[in-house]
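Protein chains in written order, with my numbering: chain A, 1 to 241; chain B, 1001 to 1164.
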């Protein structure tokens, strides 16, 4: 896992979720959508379907419908995975400096790429071509160590692609975003591709997210989708995180 | 007198053989519809399961190990060991990596427990190994620089003595 990326993207999403978009004073980001996640790796292809919801403050609630009923609540301090049919919950406490749990491909499509970088990072290239803006950033952590490079391409609608490279120039993550829709004043991609590379640069895993029925959820209504509400009789097991 | 008796015996024997054979053939055939009603599918949602759900522990374990091997940035931990030595090694063994939550979606509780444990154990091992390599290389480079400096100083001192 690219450690700095996990922490940064979670913080960036929390900031996005809390701030009000232009023209929507006092309204923070709340989205709900149905999703299909196709994952391809050495073991084959797996498909997961369900619904998800972005809650103000950076929390994400996921209700998995297939292949197994499951609810996930991802927050900055806790990850709860609940099985409604077994009334069983796995609870992981996230203690800093651990990166908060995050669906990084989705978060990367919503957050501004620049906001996901550590503060010391430097812009090394910025150019416009065919109406798109391409930028290259040298990623530098708080202690001044170089962590790698981030390249992004943006159109007027939003980010088209985001690539992370290690210090040797080998790819680590590659995200692509398409079919954007404006929801609640924000541009949200409905098709997201994510490629994860092993240390040597070989592709290890591929994720394809498809979002449908994308709507701005009413943030005054309590989150209904998959927020893993535990009952008094729920069996709770600790999950090491 | 003996002919009718023999005939009766043959009839009786044939009848018994026919009944037993018929039973042997018919009983499995009659069992089929009953067997066909048996279901091996998991119980419907909300109904109790009488055994814990099957989980492929071997698969969860191997996937956890493979993903940790691929995810952990060895270069970063190599430099940590190289620059801060033993402290870097200690941090590498104490810092527990966590798997991305997307990999846990749709998986059973048993799979998640095994996968997460394997991921953390292997992750710490990879981090520690790279930090140790870094520490050893860093120490070797440090010793080499030290020897070069000592030799240079001794040589300079020798030259100074020769000049005097």
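All residues carry an ideal CB built from backbone N, CA and C; glycine is no exception. A quick note: this is a predicted structure, and the numbers were derived from the prediction, not measured.
Listed along the chain, the chain B residues whose CB falls inside 8 Å of the CB of residue 81(A) are 1104, 1109, 1112. The beta carbon of residue 1059(B) sits closer than 9 Å to some beta carbon of chain A. When DSSP states are grouped into helix, strand and coil, residue 120(A) belongs to the coil group. In this structure, residue 212(A) keeps its C-beta atom at 9 Å or more from the C-beta atom of residue 63(A).
Residue 1100(B) and residue 124(A) have their alpha carbons spaced roughly 29 Å apart.
Between residue 71(A) and residue 1107(B), the alpha-carbon positions lie close to 11 Å from each other. The closest CA to that of residue 69(A), considering only 237(A), 227(A), 233(A), 239(A), is found on 227(A).
Taking 8 Å as the cut-off between beta carbons, the residues of the stretch 228 to 241 of chain A near chain B are 237, 239, 240, 241, in sequence order.
With fewer than 16 other CB atoms across the displayed protein chains lying within 10 angstroms of its CB, residue 1160(B) is exposed.
Residue 204(A) reaches chain B at 1070, counting residues in chain order whose Cβ is nearer than 7 Å.
In the DSSP secondary-structure assignment, residue 140(A) is bridged to 146(A).
Around residue 214(A), the same chain offers 31, 33, 181, 183, 188, 190 as residues with beta carbons nearer than 7 Å, after the five sequence neighbours per side are excluded. For the pair residue 176(A) and residue 193(A), the CB atoms are nearer than the 9 Å cut-off. One thing to note: residue 150(A) has its Cβ within 9 Å of the Cβ of residue 117(A). Using a CB distance cut-off of 9 Å, residue 62(A) counts as an interface residue toward chain B. Shortest Cα-Cα distance from residue 44(A) to any of 167(A), 232(A), 154(A), 205(A) involves 205(A). Chain-ordered, the chain B residues with CB closer than 8 Å to the CB of residue 98(A) read 1096, 1098.
Residue 1114(B) has its alpha-carbon roughly 19 Å from the corresponding atom of residue 42(A). When the alpha-carbon of residue 1102(B) is set against those of 61(A), 131(A), 133(A), 119(A), the nearest one is in 61(A).
Residue 88(A) is bridged by DSSP to 83(A), 235(A). According to the DSSP assignment, residue 1125(B) belongs to the alpha helix (DSSP H) that extends over 1109 to 1163. Secondary structure at residue 1011(B): helix, using DSSP grouped into helix, strand and coil. A contact is defined here as three or more CB-CB pairs under 8 Å, and the stretch 1076 to 1086 of chain B meets this definition with respect to the stretch 1127 to 1140 of chain B. Distance between residue 155(A) and residue 126(A), taken at the CA atoms: about 13 Å.
Put simply, of 200(A), 140(A), 112(A), 147(A) the residue whose alpha carbon is nearest the alpha carbon of residue 160(A) is 112(A). Taking a C-beta distance under 9 Å as the contact criterion, residue 210(A) and residue 65(A) do not qualify as a contact pair. Residue 230(A) carries a coil assignment under DSSP once its states are collapsed to helix, strand and coil.
Annotation: residue 52(A) to residue 231(A) spans about 21 Å, alpha carbon to alpha carbon. Residue-level contact check: residue 1117(B) touches chain A, since one or more beta carbons of chain A fall below 9 Å from its beta carbon.
Runs of alpha helix (DSSP H) with 4 or more residues, each lying fully within the stretch 29 to 108 of chain A, are absent.
For residue 1122(B), no chain A residue has a Cβ inside 7 Å of its Cβ, as the nearest lies near 12 Å away.
Using a Cβ distance threshold of 9 Å, residue 144(A) and residue 165(A) do not count as a contacting pair. Measuring C-alpha to C-alpha distances from residue 1126(B) to each of 1112(B), 1079(B), 1092(B), 1151(B) identifies 1092(B) as the nearest. When the beta-carbon positions are compared, residue 199(A) and residue 1073(B) come within less than 9 Å of each other. For residue 150(A), no Cβ of chain B is located within less than 9 Å of the residue's own Cβ.
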